[in-house]
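Working notes for the structure below.
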Amino acid sequence: MNEFRYIVGATKELQQGLIMWQRKIKDYVNIYYQGNEENARNTTFYNCISKVRELDNDLLERGEDFRGVIDDQGLLAAACIIQETEVEIDGQSLSCLEIEKLTNSPWNTITYPQPEKKKGAATSLIEGIVRESQNLDFGGIVKVIAIQAAKKFYQEIEFIETNGSGEMILTSNAASMFILDQEQKRKSTFD
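Mapping of the sequence shown onto this note's numbering: residues 1238 to 1428, in sequence order.
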């Protein structure tokens, strides 16, 4: 299991990571997509391009809302924005953290092998967000509006779709089980 370090806010490290992502995106588009982003349409990499632009646009106004994970090579491996919000579960309005614009690094989304590729970055980022939700006394509850291509990823973590709109919730119980599962995987890796 790859290890990642959770970072809070648009730190210098995160900002430098986003700059590197933009350079890599340009390189990959030139190398693999004939210099035309449209040739990457309908790929996970294309979704990454879009989200990296959105993250970059939000950097100044929402810097404190950024979250990311850094891999063992010191590279930004996944990033997103979070915000506190409310969600209704079993007729009860509960506080939670909402994930926006989560993306893996370009080298983790492109289908061509890259030396920087590390599995588990987005899962590790969600683990950090769940722990943050627990520390805020939100019970680990996390909400996301998932695009169709990302729903399977969130379902594997036990997010449940609420109403068909793409809104998915990780309940308090599911959050606890997810954290326990991550800890057991980490422990078995080092046994």
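Virtual Cβ for every residue (Gly too), placed ideally from N, Cα, C.
Straight-line measurement puts the Cα of glutamine 1392 at about 11 Å from the Cα of alanine 1386. Pairing glutamate 1398 with alanine 1411, the inter-Cα distance amounts to about 13 Å. A Cβ-Cβ distance of about 6 Å is found for the pair leucine 1339 and alanine 1359, placing them in contact under the 8 Å criterion. A residue is called buried once 16 or more other Cβ atoms fall within 10 Å of its Cβ, and arginine 1304 is buried on that count.
Remark: C-beta atoms of isoleucine 1336 and isoleucine 1366 approach each other more closely than 9 Å.
Taking the C-beta atoms as reference points, alanine 1316 is found no nearer than 9 Å to leucine 1297.
The DSSP-derived three-state label of lysine 1388 is helix. Only residues of its own chain outside the window of five on either side were considered, and among them Lys1261, Gln1351, Glu1353 and Lys1354 have a CB closer than 7 Å to the CB of tryptophan 1344, listed in chain order. For serine 1402, the CB contacts under 8 Å within the same chain, skipping 5 residues up- and downstream, are Ile1382 in chain order.
One Cα belongs to arginine 1290, the other to glutamate 1325, and the distance between them is close to 31 Å.
Distances from the CA of valine 1379 to each of Ala1247, Tyr1269 and Phe1396 were compared; the closest alpha carbon is that of Phe1396.
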